[in-house]
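Adding 9 to a residue's 1-based position in the sequence shown gives its number in the numbering used here. All residues carry an ideal CB built from backbone N, CA and C; glycine is no exception. No experiment lies behind these values; they were computed from the predicted model shown. Here the structure is laid out as structure tokens; the discussion comes afterwards.
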Amino acid sequence: MSGRTGERDIGRAAADREAAEQEAPEQEREQPVEQVDWVDIPAGTLRRGTPADAVPAVARRYADTGVPVEWYLKEAPRADTHVPAFRIARTPVTVGQWALFAAATDRPEPRGTADHPVIGVAWEEAAAYCRWVGERTGLAVRLPTEDEWERAARGDDGREFPWGDEYRTGLANLVDLGLGTTTPVGSFPEGASPFGVLDMAGNADEWTSTLYAPYPGAPDDVPKTEDWAFDPHITRGGAFRHDRDLARCARRHGAYEKDLTAIGVGFRLAAPAR
Numbered sequence: 010m011s012g013r014t015g016e017r018d019i020g021r022a023a024a025d026r027e028a029a030e031q032e033a034p035e036q037e038r039e040q041p042v043e044q045v046d047w048v049d050i051p052a053g054t055l056r057r058g059t060p061a062d063a064v065p066a067v068a069r070r071y072a073d074t075g076v077p078v079e080w081y082l083k084e085a086p087r088a089d090t091h092v093p094a095f096r097i098a099r100t101p102v103t104v105g106q107w108a109l110f111a112a113a114t115d116r117p118e119p120r121g122t123a124d125h126p127v128i129g130v131a132w133e134e135a136a137a138y139c140r141w142v143g144e145r146t147g148l149a150v151r152l153p154t155e156d157e158w159e160r161a162a163r164g165d166d167g168r169e170f171p172w173g174d175e176y177r178t179g180l181a182n183l184v185d186l187g188l189g190t191t192t193p194v195g196s197f198p199e200g201a202s203p204f205g206v207l208d209m210a211g212n213a214d215e216w217t218s219t220l221y222a223p224y225p226g227a228p229d230d231v232p233k234t235e236d237w238a239f240d241p242h243i244t245r246g247g248a249f250r251h252d253r254d255l256a257r258c259a260r261r262h263g264a265y266e267k268d269l270t271a272i273g274v275g276f277r278l279a280a281p282a283r
């Protein structure tokens, strides 16, 4: 799919959804938070990160984005890591779902279209939403860990992007698509991960539950956290306003303070295996 064709298709889909929402009663437009579309991720080995000796080549491959090599060093070294079975939401939390949470907990009503990912959400607020959904469902709902997120995006073969090893414009809502805003969740099914998880690249950057720290055995010049005055959190996946380097499954974005409300940052849910 070319970027131009993708833009036309997404535009038509958005227009159709908007027309349908205008015709539907208010109660039909609500998105029940209890009905999470869970994807079961089996226990397995994650080929996490990037080999340290491959980082310079990665930086050269994405040199046009202006990202310094030091930012990629956070991915090193590559390691095979066991990840227990878990569940993850097929798509990020939407504006419509967040609106129900906001109304129930006396928070400000979110801006945006109901079926787009909610963005500008601080880590603390995302964690609060997880607890709220957990209370309503009886599940231990939470944010995914970094390893869980990367396994759900990458599968078993250590691929570069959720759909494979080659970047293709039109498989994710990133800056090269030229839309300049979010799209309805699930709009890029051809960009699904090996497990069928959607929007793991682009649209909304996603919080994880993991505090940033260098991986064991990381290069000496990777940023350390001992002297930092805050607890740093990592996002994954990149947003509509980001370049393709952030769509890489291994890319660790940040670290950020937990009260950051950055444009483009959203989240998705995780829970224990069935």
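Q. If you count every other CB in all the chains shown that lies within 10 Å of the CB of K233, and 16 or more means buried, which is it?
A. Translated into the one-based positions of the sequence shown, residue 233 becomes position 224. Residue environment for K233: exposed (fewer than 16 other C-beta atoms within 10 angstroms of its C-beta).
Q: Answer with buried or exposed for A280, where buried requires no fewer than 16 other C-beta atoms within 10 angstroms of its C-beta.
A: Against the sequence shown, residue 280 aligns to sequence position 271. Buried, because 16 or more other Cβ atoms sit within 10 Å of the Cβ of A280.
**Q.** beta strand (DSSP E) runs contained entirely in the segment 132 to 164, provided each spans 3 or more residues
**A.** Whole beta strand (DSSP E) segments, 3+ residues: zero.
Q: For P198, collect the residues of the same chain with a Cβ closer than 8 angstroms to its Cβ; drop the 5 residues on either side in sequence, then sort them by chain order.
A: Locating residue 198 in the sequence shown gives position 189, counting from the first residue. Taken in chain order, the residues that qualify are L207.
Q: Please classify T74: does DSSP put it in a helix, a strand, or coil?
A: Position 65 of the sequence shown, counted from the start, is the residue given in the question as residue 74. In this structure, T74 counts as helix in the three-state DSSP scheme.
Q.
If the criterion is Cβ atoms closer than 8 angstroms, does the pair F249 and G189 meet it?
A. Locating residue 249 in the sequence shown gives position 240, where the first residue counts as 1. Locating residue 189 in the sequence shown gives position 180, where the first residue counts as 1. Judged by their CB atoms, F249 and G189 are nearer to each other than the 8 angstroms cut-off.
Q) Is DSSP giving A280 helix, strand or coil here? A) Here residue 280 corresponds to residue number 271 of the sequence shown, with the count starting at 1. Strand at A280.
Q | Within the segment 219 to 275, ranges of the beta strand (DSSP E) (whole runs, at least 3 residues) | A | List check, beta strand (DSSP E) in window: 242 to 245, 262 to 265.
**Q.** P198 (DSSP reduced to helix, strand or coil)
**A.** Along the sequence shown, read from residue 1 onward, the residue named residue 198 stands at position 189. Of the three classes helix, strand and coil, the one that applies to P198 here is helix, per DSSP.
Q.
Within 8 angstroms of any Cβ in chain C, is that where the Cβ of A131 sits?
A. Note that chain C does not occur in the displayed structure, where there is just one protein chain.
(Q) Per DSSP, what are the beta-bridge partners of G53 in this structure? (A) Taking the sequence shown and counting its residues from 1, one reaches residue 53 at position 44. Beta-bridge annotation (DSSP): G53 is paired with V92.
Q.
Given a cut-off of 8 angstroms on the beta-carbon distance, is the pair A213 and I243 in contact?
A. On the sequence shown, residue 213 is found 204 positions in, with the first residue counted as 1. On the sequence shown, residue 243 is found 234 positions in, with the first residue counted as 1. Contact annotation: A213 and I243 have beta-carbon atoms that are not nearer than 8 angstroms.
**Q.** Where I272 falls, given that 16 or more other Cβ within 10 Å makes a residue buried
**A.** On the sequence shown, residue 272 is found 263 positions in, with the first residue counted as 1. With fewer than 16 Cβ atoms within 10 Å of its Cβ, I272 is classed as exposed.
**Q.** Bridge partner(s) assigned by DSSP for V48
**A.** Mapped onto the sequence shown, residue 48 falls at position 39. Answer is I97.
Q: Please report the residue range of the alpha helix (DSSP H) in which G105 lies.
A: Locating residue 105 in the sequence shown gives position 96, where the first residue counts as 1. Note, G105: alpha helix (DSSP H), 104 to 113.
Q.
What does DSSP give as the partner residue(s) for W216 in the beta ladder?
A. In the sequence shown, counting from the first residue as 1, residue 216 sits at position 207. Partner(s): T244.
Q | Counterpart residues of W170 in DSSP-defined beta bridges | A | Your numbering for residue 170 matches position 161 in the sequence shown. Strictly speaking, residue 170 in this sequence is Phe, with Trp absent from that position. Among the bridge pairs identified by DSSP, F170 is matched with G173.
Q: Label E35 either buried or exposed according to how many other C-beta atoms from any shown protein chain fall within 10 Å of its C-beta, with 16 as the threshold for buried.
A: Residue mapping note: residue 35 aligns to position 26 of the sequence shown, counting from 1. Legend: pLDDT at E35 = 38, less than 50; position of this residue unreliable, value from coordinates given subsequently. Counting every other CB atom within 10 Å of its CB across the protein chains shown gives E35 a total below 16, marking it as exposed.
Q. P117: buried (16+ other C-beta within 10 angstroms of its C-beta) or exposed?
A. Mapped onto the sequence shown, residue 117 falls at position 108. Burial call: exposed.
**Q.** Residue from R99, L82, V67, L183 with nearest C-alpha to P203
**A.** For this step, residue 203 is matched to residue 194 along the sequence shown. Out of R99, L82, V67, L183, R99 has the C-alpha closest to the C-alpha of P203.
Q) Would you call the CB atoms of P171 and A201 closer than 8 angstroms? A) Within the sequence shown, the letter at position 162 stands for residue 171. Within the sequence shown, the letter at position 192 stands for residue 201. Contact flag set, yes.
Q) Tell me which same chain residues have a C-beta within less than 8 angstroms of the C-beta of R261, skipping the five on either side of it? A) To locate residue 261, count along the sequence shown from 1; it is residue 252. K83, E84, E155, Y221, I243, R245, listed in sequence order.
**Q.** Candidates V45, W47, D254: closest to E169 by CA position
**A.** Looking up residue 169 in the sequence shown gives position 160. Cα-wise, what sits closest to E169 is D254.
Q. Looking at C-alpha atoms only, which residue of Q44, G211, A131, T217 is the closest neighbour of N182?
A. As a first step, residue 182 must be located in the sequence shown, where it is residue number 173. For the residues Q44, G211, A131, T217, the minimum Cα distance to N182 belongs to G211.
**Q.** Short Cβ contact (8 angstroms threshold) for D165 with G58
**A.** Position 156 of the sequence shown, counting from 1, holds the residue named residue 165. Position 49 of the sequence shown, counting from 1, holds the residue named residue 58. Going by C-beta atoms, D165 is not nearer than 8 angstroms to G58.
Q: Count the other C-beta atoms from every protein chain shown that fall within 10 angstroms of the C-beta of A33, then say buried if there are 16 or more, exposed otherwise.
A: The residue you call residue 33 lines up with position 24 of the sequence shown. Because A33 carries a pLDDT of 35, less than 50, the predicted location of this residue cannot be relied on, and no value is offered for it.
(Q) Among the candidates G143, E134, D229, L148, whose CA atom is the shortest distance from the CA of T217? (A) In the sequence shown, residue 217 corresponds to position 208, counting from 1. Comparing alpha carbon positions, the residue from G143, E134, D229, L148 closest to T217 is E134.
Q: Indicate whether M209 and A162 have their beta-carbon atoms separated by less than 8 angstroms.
A: Walking along the sequence shown from the start, residue 209 turns up at place 200. Walking along the sequence shown from the start, residue 162 turns up at place 153. A contact, by the Cβ cut-off of 8 angstroms.
(Q) Considering Cα atoms alone, identify which of R257, L269, A282, T270 is closest to R70. (A) Locating residue 70 in the sequence shown gives position 61, where the first residue counts as 1. The residue with the shortest Cα to Cα distance from R70 is R257.
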